[in-house]
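Colleague: Taken in order, the sequence shown gives residues 13 to 70; the numbers are from our numbering.
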Amino acid sequence: MICENILGTRTDPQFQGCREDPVQLEWDEAYKRLLKKTSREGREIGIRLDPSILTRGL
13 MICENILGTR
23 TDPQFQGCRE
33 DPVQLEWDEA
43 YKRLLKKTSR
53 EGREIGIRLD
63 PSILTRGL
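1. Note down, in chain order, each residue of its chain lying with its Cβ closer than 6 Å to the Cβ of Leu-61, except the 5 sequence neighbours on either side.
2. Would a C-beta distance cut-off of 9 Å place Arg-22 and Cys-15 closer than the cut-off?
3. Could you have a look at Arg-22 and say whether DSSP puts it in helix, strand or coil?
4. Is the separation between the beta-carbon of Tyr-43 and that of Ile-65 shorter than 9 Å?
5. So Arg-60 is in the beta strand (DSSP E); what residue range does that whole segment cover?
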C-alpha cells in the first residue's frame, strides 16, 4: 500500500469504526518524503508525500 495524502486524524467521524494498524516512525523520519515501513500487523507501507512535508512534518 502506498500512502500519498493525509486524510485526517483517527478521531475524525469518517474514520469511526475503522481498525488501527500502527506504523512506528523514528523522530527523524517525520520530515522525510519517502519511507518504506512495516506496520505492527506486518503489512508493508510506502509513504510518499509532497515537498511541503519538509517544512511541516507529520
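Cβ coordinates follow ideal geometry from the N, Cα and C atoms, glycine included.
Modeller: Let me spell this out:
1. On the sequence shown, residue 61 is found 49 positions in, with the first residue counted as 1. Same-chain partners within the cutoff: Arg-45.
2. Looking up residue 22 in the sequence shown gives position 10. Looking up residue 15 in the sequence shown gives position 3. No, the pair does not count as a contact, with Cβ atoms beyond the cut-off.
3. For the purposes of this step, residue 22 is identified with residue 10 of the sequence shown, where counting begins at 1. DSSP places Arg-22 in coil when its eight states are reduced to three.
4. Sequence index remark: in the sequence shown, residue 43 carries index 31 (1-based). Sequence index remark: in the sequence shown, residue 65 carries index 53 (1-based). Yes, Cβ-Cβ distance for Tyr-43 and Ile-65 is below 9 Å.
5. On the sequence shown, residue 60 is found 48 positions in, with the first residue counted as 1. Run containing Arg-60: 56-60, per the beta strand (DSSP E) assignment.
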